[in-house]
Structures are given as structure tokens and as C-alpha cells.
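To start, the structure under review is shown below, and the notes come after it.
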Amino acid sequence: MAEQTQFNLKPEDLPTAWYNIAPDLPVPLLPPIHPGTHQPIGPADLAPLFPEALILQEVSTDRWIDIPGPVLDIYRLWRPTPLFRATRLEQALQTPAHIYFKYEGVSPAGSHKPNTAVAQAFYNKEAGIKRLATETGAGQWGSALAMACQFFGLECLVFMVKASFEQKPYRRIFIETFGAEVRPSPTSTTQAGKKILEAHPDSTGSLGIAISEAVEVAATNEDTNYSLGSVLNHVLTHQSVIGLEAQKQMAMAGEEPDVIIGCVGGGSNYAGLAYPFMADRIAGKTQTRFLATEPTACPTLTKGQFAYDFGDTAGMAPIVAMYTLGHSFVPAPVHAGGLRYHGDAPSLSLLVREGLMEAKAYTQNSIFEAAVQFARAQGIIPAPEPAHAIRGAIDEAVEARESGQEKVILVGLSGHGHFDMQAYDDYLNRRLPEVEFRQEDVDEGLADLPGVPLPG
Ligand SMILES: Cc1ncc(COP(=O)(O)O)c(C=O)c1O
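So in my numbering, the last one in the sequence shown is 1902, and the numbering has no gaps at all.
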């Protein structure tokens, strides 16, 4: 009989509660700090930006949080998502490793981002909010939030990093099709944007700058809240549906992953896949390894510093303890726009610092080489972001071939690359500049930290 390559859950297997890792972390999360007072932030400080339900989730130490019925109803439009065994890639690599991938590209927006967008739009609608403001890098998050806002009758304003706005016009049109307004960031419509443009008229933007613009609009408009597609605890919690499903699917396959690999921008898709498995590792039930992948152009986990830093460029967002390259660091405009963030989720940063998670950085051409190899074997063209995870998986599989080890690899394929054809064209025609890590840029960024000491 042919080897089974698809592991599909039934509709009733859809998780009905999200998993929150906070109570299971080996060390407690450090408190976020107010950007103005440098004192620990209380829920009231977050009220101008987020609805109460999400603030409570942000600080929650409950292990399980029920998923509201209307959110489940929308999840059912595409969830549960498939888990595949990449047997054709295994054969191409001649590896004894078993490679599984959890595919979030089947969502209507083409990535994992709707898992939290739908939840955030729901809670904001419940709280009587009229409009959500947000940033988007590659356009995946903007697409997801625009769709979610449309489903719940909210308006949506998206500050899209200028580099991506220009590289990915079809993403912009996708967002507009769902009724949202898109502005190329930095814009002259906010104080934060104007300040950047005065200093750098040719700025190609960054996620940090776009966040500043969206936060400013939310903070200065009563009817508008802010919505973030990554980094925050509640966002990572919403994404846990990925890993909760994958656990059931790996059980269907009768295997346990030896290594779980994902790409990290702010950390949400990887945390979503990894954390349910991490709970078992922390509890001493497994020896699973965890590998976070990122670009050499924005190497937060591999070259950053674990420190208190602003979440945004203008210094308006909370100061959080994380691996950071400094909030003024502007990464080169690599095609993996969703990985161009100067920091990382606090919980994921802690897990790396505690040695429970490894990290590796890859150059642009090497991730596209892996993505093309994957596409030619499996038929799915990955987004540039998860192409980093695929690079990691292929390297692990090749290592397994060399050592003759039968290892089980689980990789997060967070989205398809159907809107990233320009990037593939540049790669295929050898036009992609190789962006190396530059210590000077990082030193400059780190010199700008707010100077809040870490406890201990
Ligand atoms: C497909 C895809 N994967 C990964 C990411 C990175 O974000 P995160 O680390 O929060 O999953 C993005 C961000 O835009 C994305 O679009």
C-alpha cells in the first residue's frame, strides 16, 4: 500500500480552546514597561488600544482559553488545516528523515494570520469599536485583518511597509477588495510618519515604523483600536490552534517529532505550532528540539540582545523584554517582509534564552533555493517567510542522510507564496541581492535601547 501522505482531521476535531503557554514557562514573563513613565504597565494603560477581553488574555495565566462560537464558525471556513508528509521531498533528498509539514496556506488569506485576525475582530466588535488600525509587512497580516473586519462589520486601516507596498501590488488589491484602506508607510498622515520622512525622505519603511503610525491613529481616535498580527501574548495564544491540530495529526501518523522548525518574524506562527509540543518538553515528557529560523538581514534571535526595548520605532508602544536589534534598526528590504521586525515575542525570546529553543539565520538566495526545491517536489510554492523554515528542514534532512539517522522533522508552512512571484522572478533570474549581516547596523540600533534594566 502507498505510504500515507495526508493526515486530515474531522470538523469536530477543531480545537475549542486556545493553549496559553504562560503558566508553563520555566521562568515567568517579565512585565511590560510603560514607554513614558518606565513603570510596569497596568491593564488601564492598554485600554486606548485594545478591548478588555484581549487585555485580559494578554496577562492571563490560564492554560486554556475558550474559543468563542462566532470565531469557531469562521475558523470552520478552512480549519482544521492539513498536515502532509513530504515523501517526494524526502525522496529527492534521499534522506531517511521523515518530513511533515503543517500547511496554513489553505486559509482564505493564504497564511496563518486569520487565526488571530478573526479573534481580534470579534472581541473589538463586541466592545463596540468601529475601526481597527494596523501595520502589515508582506501584506499577509493586512489581508487577514481586512477579511476579518469585513466578516464582523468593522472598518480597517492598514499601514503597509512601503517596500512591500511597491513589491506586492496584488497584496494591496487583495486588502482593498475586503474594503480596507491601505497607506504606504511611512506616510505624512501621522506625526510618527512625518518625523521619519523628514529625517529619511526615501525611507522604504519597516514594521516598527508602520506600527508607530497605526498605534498613533488608534491612540488619538476614540472609535479606533489597534490590532497587532504578532509578538503579543494573546496573538501567540490564538495561533495555538495550529499546534493543537498538529499534535493530533502527528498521533494519526504514529510519530513524534524529533525537531520542530518554523520561521520567526515576531514569533506567532512558530509559537502557534511549537508551544503545545513545548509544554511536553518543559514537563520533561519529550526531548523534542525546537529550531527558530530567521533572515540574516534581520537576525534578532541569532545576533540581537535580550533587553528591554520599545515594540515600535517611534517609542510609543510598550517596552518589552525580548531579543532585539534596537527599535531604530531598519532591515534591508528582503522579500520576506514578514520577518523584518526588530524584536521577537517575549515568551519565545525567553525560551531561546533558557536554551529550550535554538535559532539559525539564512541568506535570501539560500531560502529561495530551498523553496524552489520544495515546490518542485511537493507542488506548493511557499511564501518567502516559511521558506526559511524549509531551508532549516532541508538542512536537517541532509544531516540525517549523512549520519544515517531516522529523524522526524515537523515544519510549519505558514503561507503560500502566490503573491510573491516578483521575489521568485528575482531569484530565478539571479537578481536577488545577497544581504549579509552587518554588525555596524546592529551596534547602531542597540545604542538606542531605552535603558530599562532587566531584573536580577
Ligand atoms: C506567511 C508568513 N509567515 C510568517 C510571518 C512572520 O510572522 P510571525 O513570526 O508572527 O509568524 C509572516 C508575517 O507577515 C507571514 O506572512
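Think of the CB as a built atom: it goes at the ideal place given N, C-alpha and C, for glycine as much as any other residue. As the structure is a computational prediction, the values presented were derived from the model and not from experiment.
heavy atom of ligand 1 below 8 Å from residue i C-beta
i            : result
residue 1709 : yes
residue 1779 : no
residue 1559 : yes
residue 1908 : The displayed coordinates of the chain run from 1447 to 1902. Any statement about residue 1908 would go beyond what the structure contains.
residue 1681 : yes
residue 1578 : no
residue 1783 : yes
residue 1631 : no
residue 1596 : no
residue 1635 : no
residue 1868 : no
residue 1586 : yes
residue 1582 : yes
residue 1673 : no
residue 1712 : yes
residue 1716 : yes
residue 1628 : no
residue 1676 : yes
residue 1860 : yes
residue 1829 : yes
residue 1832 : yes
Residue(s) in a DSSP beta bridge with residue i
i            : result
residue 1479 : 1486, 1765
residue 1512 : 1463
residue 1751 : 1770
residue 1631 : 1607
residue 1806 : 1739
residue 1546 : 1531, 1856
residue 1672 : 1579
residue 1828 : 1862
residue 1602 : 1578
residue 1557 : 1861
residue 1708 : 1738
residue 1453 : 1529
residue 1756 : 1765
Rounded Cβ spacing between residue i and residue j (contact assumed at less than 8 Å)
i            : j            : result
residue 1716 : residue 1465 : Going by Cβ atoms, the distance from residue 1716 to residue 1465 rounds to 14 Å, so no, they are not a contact pair.
residue 1543 : residue 1842 : 7 Å
residue 1608 : residue 1551 : Wrong, their Cβ atoms sit about 25 Å apart, outside the cutoff.
residue 1562 : residue 1675 : 7 Å
residue 1798 : residue 1805 : 6 Å
residue 1513 : residue 1463 : 6 Å
residue 1773 : residue 1889 : In fact, because the Cβ distance is near 14 Å, the residues do not count as touching under 8 Å.
residue 1838 : residue 1707 : 4 Å
residue 1491 : residue 1654 : So it is not a contact: roughly 20 Å between Cβ atoms.
residue 1557 : residue 1524 : At roughly 11 Å, the Cβ-Cβ gap does not stay under 8 Å, so residue 1557 and residue 1524 are not in contact.
residue 1807 : residue 1740 : 5 Å
residue 1605 : residue 1633 : 7 Å
residue 1540 : residue 1847 : 6 Å
residue 1528 : residue 1546 : Residue 1528 to residue 1546, Cβ: 11 Å. No contact.
residue 1509 : residue 1469 : 5 Å
residue 1751 : residue 1714 : Not really, about 22 Å apart at Cβ, beyond 8 Å.
residue 1803 : residue 1753 : About 18 Å; that fails the 8 Å criterion.
Checklist line | Inter-stretch contact (C-beta, 8 Å, three-pair minimum) for the stretch 1629 to 1644 and the stretch 1657 to 1675 | finding: yes
Checklist line | Meets three-Cβ-pair contact criterion under 8 Å: the stretch 1769 to 1789 and the stretch 1452 to 1463 | finding: no
Notebook entry, point to check: Touching or not, the stretch 1613 to 1621 and the stretch 1576 to 1587, by the rule of three or more beta carbon pairs under 8 Å?
Noted result: yes
Checklist line | At least 3 beta-carbon pairs within less than 8 Å: the stretch 1843 to 1862 vs the stretch 1814 to 1833 | finding: yes
Next item on the list: Could you tell me whether the stretch 1487 to 1496 touches the stretch 1667 to 1674, where touching means 3 or more Cβ pairs closer than 8 Å?
Entry: yes
Notebook entry, point to check: Quick check: the stretch 1722 to 1735 against the stretch 1687 to 1705, are there 3 or more CB pairs under 8 Å?
Noted result: yes
Notebook entry, point to check: Are the stretch 1744 to 1761 and the stretch 1564 to 1573 in contact at 8 Å, needing three or more beta carbon pairs?
Noted result: no
Check: Would you call the stretch 1774 to 1781 and the stretch 1876 to 1888 in contact, with 3 or more CB pairs under 8 Å?
Finding: yes
Checklist line | Given 8 Å, three or more beta-carbon pairs between the stretch 1686 to 1700 and the stretch 1815 to 1823 | finding: no
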